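*Asks:* Numbering (this note's numbering), first residue to last: 172 to 964.
Note that CB positions come from ideal geometry on N, CA and C, so glycine has one too.
The structure presented is a predicted model; accordingly, all values stated were derived computationally and were not measured.
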Amino acid sequence: MAGKKGARSRNGKGVATKSVVPDVYQDMLSEALPEQLHIPERPLKRRRTGRRPSQVARISPAPATSPLKGEEDEDFEFEDVLDLEGERDVPPKRQQTAYKDSDEESEDSDGEWQGLNLDTEPEVDEPGGDLDLTLVKKPVPQTKTTPTRRKLVSKAEKAERLEKHKMHVLCLLSHLDVRNDWANDSEGQNSLRPLLDKQMLKFLRPKSSLPQFGRTDSLKRGLEQVAVMWRTRFSITARGLRRALWADDEKDLQNFKVEDGEAFDKADFRAAAKTLKGSRDLGAQLFCALLRSADVETRLVCSMQPLSFNAGGPAMPKYTPPKPLKTTHEVNDTGTAFDAQGTNSASGSSSRSSVPGLPFSPRRRLGHPNAAAYNLPEMSAPPRPPPKPKAKPIHESPYPVFWVEVFDEAHQKWFPVDPLVTETIAKPHKLEPPASDRENNMSYVIAFEDERCARDVTRRYTKAYVAKTRKNRVESTPGGERWWRKAMRPYRRGFTSDADQIEDTELAKKEANEPMPTNIADFKDHPIYALERHLKRNEILIGDHSCGKVAAGRDPSVPGGKKLESVFRRQYVKVAKSADAWYRLGREVKMGEQPVKNVPAKRKPDDFDDGGDGFEERAGVNLYIEEQTELYKPPPVVNGRVPKNSYGNLDIYVPSMVPKGGVHILDDETSRAARLLNIDYSDALTGFEFRGRHGTAILKGAVVAAEYREAVEAVIDGFRDERANAEELRRTNAAVRMWKQFFLKLRIKERVDAYADDDEVLEDVESVQIEEEDDDSEEYVDDEYGGGGFIPE
172 MAGKKGARSR NGKGVATKSV VPDVYQDMLS EALPEQLHIP ERPLKRRRTG
222 RRPSQVARIS PAPATSPLKG EEDEDFEFED VLDLEGERDV PPKRQQTAYK
272 DSDEESEDSD GEWQGLNLDT EPEVDEPGGD LDLTLVKKPV PQTKTTPTRR
322 KLVSKAEKAE RLEKHKMHVL CLLSHLDVRN DWANDSEGQN SLRPLLDKQM
372 LKFLRPKSSL PQFGRTDSLK RGLEQVAVMW RTRFSITARG LRRALWADDE
422 KDLQNFKVED GEAFDKADFR AAAKTLKGSR DLGAQLFCAL LRSADVETRL
472 VCSMQPLSFN AGGPAMPKYT PPKPLKTTHE VNDTGTAFDA QGTNSASGSS
522 SRSSVPGLPF SPRRRLGHPN AAAYNLPEMS APPRPPPKPK AKPIHESPYP
572 VFWVEVFDEA HQKWFPVDPL VTETIAKPHK LEPPASDREN NMSYVIAFED
622 ERCARDVTRR YTKAYVAKTR KNRVESTPGG ERWWRKAMRP YRRGFTSDAD
672 QIEDTELAKK EANEPMPTNI ADFKDHPIYA LERHLKRNEI LIGDHSCGKV
722 AAGRDPSVPG GKKLESVFRR QYVKVAKSAD AWYRLGREVK MGEQPVKNVP
772 AKRKPDDFDD GGDGFEERAG VNLYIEEQTE LYKPPPVVNG RVPKNSYGNL
822 DIYVPSMVPK GGVHILDDET SRAARLLNID YSDALTGFEF RGRHGTAILK
872 GAVVAAEYRE AVEAVIDGFR DERANAEELR RTNAAVRMWK QFFLKLRIKE
922 RVDAYADDDE VLEDVESVQI EEEDDDSEEY VDDEYGGGGF IPE
């Protein structure tokens, strides 16, 4: 900032005769500045050039210099030389030096020096030349942000996620069962029944004399009126159920806090039926109880939100520490510091105006010549009203988690009703959230009836159940369908009603009418359709029976065209195995069959050739489909001789591999019995136990000739009888030893008790003798003290 300041002296009087500045301003300046500082009559103005001299040797006017290039039209900035004393201790910074010739100085800056009276100071002519300017640049730290990659999920972690997913599903089923039972509570229904007027009840209970469509229309009109009333009466004050997410790192769970949700018992549910406040999930449950109180057949439906077992889902948001509140300190005209809220940092006063006796600075009175004699009265700010606590906004998914289904008796169908979130009736397609919704994911939709029977109605609400939804369910895993049927068995009805049959037909038809996916990723592991690019290593496509085309990117050969990829039925995808794999299944490749596929063998570290070009080429593995194989027929048993392989045993991977004329006895002592009978046998190899990449053969039982089966089994029974007799003898001997020890201890106790009786007899005799001696001593009377028993003085 360029400018001029009035000259001032120590006492402020001697300058009045030399300057045209009024005395009022001289008095103000003398009050504002410290009196102990000796300031020259005309303070020297000096341009900031980045240099800080250690001391001021002499006071001389500094010549005007021009600013840097690009700043020639701006005013120069000056500072008092005395202010340099407070800046001598500034730490050194990284400096950047620029050079500029004196010929390039601007003439505009010379005009600012024309009003100064420099006659009293000798002028110093500095030689012209290059001016060395030093610019101070604050170093900017450069931070490189690397994108974080999600950690890969191992096979063991996938199995652990699947088990936790199953456990979470069972817990949510139990939770839904409890809430459905609360909706049947008579006390809660009695609290909600007065909300329904006569007109609502009339529509909700249509007469049987009405036609079919008239009864359905009456029911929907009644539900619309009840839904509007419920939206106006019920208040959402809490957060409901939301999607459970995995954390990418365990550190994210250290500062994770579970948001306050609804955790109450049946008594709280009854209280909520009176206050009509709670989460939107509770609102749907109370709405179900309201309809059931009007004798409307109603289901409580929940879209369960379990932890996903897939690795591609969204992750839990990372913890970000709260930023500390920055307080900006202000300095008033007297040099006292105040924070941004008006608090005095030195004395702790509440506001700047409430400080008693606060003098007004003369700098604030420079605008008026007679302001020195005016003193403003003290004023205190009115007390601020206490801030009202703001209600924390509730951010939830725009799609519901709980809603109800009402049974249309006229059409024998169930249709959904959502009065709070989507405000829809009989529109199931409006309830499915998109895949981008982090708060809600539709994978399991379970409907509970008032009889505590549950049904899986997920297919009614999903658009792509087979292509997308099924991948997030446990049925997509090996053995998942059987597990899900077992999990739903406790909630299954004992019989199948007509309405259940109609509903099953409706859901199966909707699943069958699902169109072919349009996304390439949806074809992977699809149970109906398949792409050739998604075939596994041991899968092959038999026949060229394409059922459609799908766009697979742009075609560079055709402007604006797209590549089309053939889509095949999953039934034409066959599993191919090697000859050894088919042999372990009891099948062998037919003679003359050509492999349908040859897969390259996996490289091993032992295949690396140091002298060659790298890894040695290994022959591929030929694969065959099941149609190219037949049942394996082992050599038969002839004259009691059992065939053996090179290891002295016989491969019995499946029961069909038992040779003709032989029998496989699974007992482990079959070989021992055969050796005892001196007959031929062969140990049965039933499989391998793998630990890592190494397998150990499992031998279970043996194969003998069929005519020796009864003899071998009889000997095995004899072995069992011997083991049973030996076990009985061992137990008998153990019991005898125990009784022997017990009898010995009893005899010892009896002996010890006998010793104790003898000691008591001796003690009795001694006590009798002592008593007799005491009686004899009592007959002796000492006459020394006389009678009366008084102690002599």
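(1) Applying the criterion that 16 or more other CB atoms from any shown protein chain within 10 Å of the CB defines a buried residue, is CYS459 buried or exposed?
(2) Just to confirm my understanding: we take GLY282, look at its own chain, exclude 5 residues before and 5 after, and list those with CB closer than 6 Å. What are they?
(3) If we call anything under 8 Å between Cβ atoms a contact, is TYR852 one with VAL813?
(4) Please look up how many angstroms separate the CB atoms of PHE573 and VAL472, rounded, as I've assumed it's under 8 Å.
(5) Shortest alpha-carbon distance to ASN816 belongs to which of ASP854, GLY454 and ASP356?
(6) Answer yes or no: the CB of ALA701 versus the heavy atoms of the ligand MG, is any distance below 7 Å?
(7) For SER525 and PRO557, I'd like the C-alpha separation in whole angstroms.
(8) Can you name the start and end residues of the alpha helix (DSSP H) that SER357 belongs to?
(9) Could you name the residues of the same chain whose beta carbon sits closer than 8 Å to that of LEU848, not counting the 5 residues immediately before and after it, in chain order?
(10) With distances taken from CA atoms, which of GLY454, ALA409 and THR595 is nearest GLU395?
(11) Got a sec, what are the start and stop residues for the beta strand (DSSP E) GLY858 sits in?
(12) For LYS804, tell me which candidate among TYR818, TYR795, GLU797 and ASP822 has the shortest Cα-Cα distance.
(13) Would you tell me roughly how many angstroms separate the C-alpha atoms of ASP356 and VAL721, rounded to the nearest one?
(14) Buried or exposed: ILE919, going by 16 or more other Cβ atoms within 10 Å of its Cβ?
(15) Taking GLU764 as the reference, give the member of THR800, VAL738, PRO365 and ASP751 with the closest Cα.
(16) Would you call the CB atoms of LEU1024 and VAL825 closer than 8 Å?
(17) Ends of the beta strand (DSSP E) at TRP654?
(18) Compute the Euclidean distance between the alpha carbons of ALA876 and LYS773, then round it to the nearest angstrom.
(19) For LYS561, count neighbouring C-beta atoms within 10 Å of its own C-beta (all shown protein chains included) and say buried if the count is 16 or more, exposed if not.
(20) What separation, rounded to the nearest whole angstrom, lies between the Cα atoms of ASN361 and GLY449?
(21) If you count every other CB in all the chains shown that lies within 10 Å of the CB of THR640, and 16 or more means buried, which is it?
(22) Would you mind reading off the limits of the beta strand (DSSP E) that contains TYR615?
(23) Kindly indicate the opening and closing residues of the alpha helix (DSSP H) around HIS336.
(24) Taking buried to mean at least 16 other C-beta atoms within 10 Å of its own C-beta, is TYR818 buried or exposed?
(25) Between LEU837 and the rest of its own chain, which residues show a CB-CB distance below 7 Å, the 5 nearest in sequence each way excluded?
(26) What three-state label does DSSP hand THR595 in the structure shown?
(27) Is it true that the stretch 703-712 meets the stretch 643-663, where meeting means three or more beta-carbon pairs spaced less than 8 Å apart?
(28) Checking 8 Å against the spacing of the C-beta atoms, do ARG704 and GLU567 come in under that value?
(29) For ALA625, tell me which candidate among HIS582, LYS445 and THR667 has the shortest Cα-Cα distance.
(30) With three or more beta-carbon pairs closer than 8 Å as the criterion, would you say the stretch 685-692 touches the stretch 717-731?
(31) Would you kindly report the start and end of the unbroken beta strand (DSSP E) that includes CYS473?
(32) Measure the beta-carbon distance from LEU591 to ARG376 and round it to whole angstroms, keeping in mind my assumption that it falls under 8 Å.
(33) Identify the continuous beta strand (DSSP E) that holds LYS720 and give its terminal residues.
(34) At the level of alpha carbons, what is the spacing between THR629 and ARG758?
(35) Check whether the Cβ atoms of ASN979 and PRO830 lie closer than 8 Å to each other.
(36) Provide the residue span of the alpha helix (DSSP H) that contains ARG451, from first to last.
*Replies:* Reading off the structure:
(1) buried
(2) Low local confidence applies: a pLDDT of 41 at GLY282 is under 50, so the model's placement there is unreliable, and no value is given.
(3) yes
(4) 7 Å
(5) ASP854
(6) The model depicted lacks the ligand MG and carries no ligand whatsoever.
(7) Legend: pLDDT at SER525 = 44, less than 50; position of this residue unreliable, value from coordinates given subsequently. Using only the alpha carbons, I get a separation of about 19 Å.
(8) 357-363
(9) TYR879, ALA882, VAL883 and VAL886
(10) THR595
(11) 852-862
(12) Checking every option, the nearest Cα to that of LYS804 belongs to ASP822.
(13) 53 Å
(14) exposed
(15) THR800
(16) There is simply no residue 1024 to check, as the chain begins at 172 and stops at 964 in what is shown.
(17) Taken as a continuous stretch (DSSP letters only), TRP654 belongs to no beta strand (DSSP E), being part of the alpha helix (DSSP H) at 651-659.
(18) 42 Å
(19) Answer is exposed; the Cβ neighbour count stays below 16.
(20) Those two C-alpha atoms are separated by around 19 Å.
(21) buried
(22) 615-619
(23) 326-354
(24) exposed
(25) Only residues of its own chain outside the window of five on either side were considered, and among them LYS871 and GLY872 have a CB closer than 7 Å to the CB of LEU837, listed in chain order.
(26) strand
(27) no
(28) In this structure, GLU567 does not lie closer than 8 Å to ARG704 by Cβ.
(29) THR667
(30) yes
(31) 469-475
(32) Going by Cβ atoms, the distance from LEU591 to ARG376 rounds to 24 Å, so no, they are not a contact pair.
(33) That run of the beta strand (DSSP E) goes 717-725.
(34) 41 Å
(35) Outside the shown range of the chain (172 to 964) lies residue 979, about which nothing can therefore be said.
(36) 451-464
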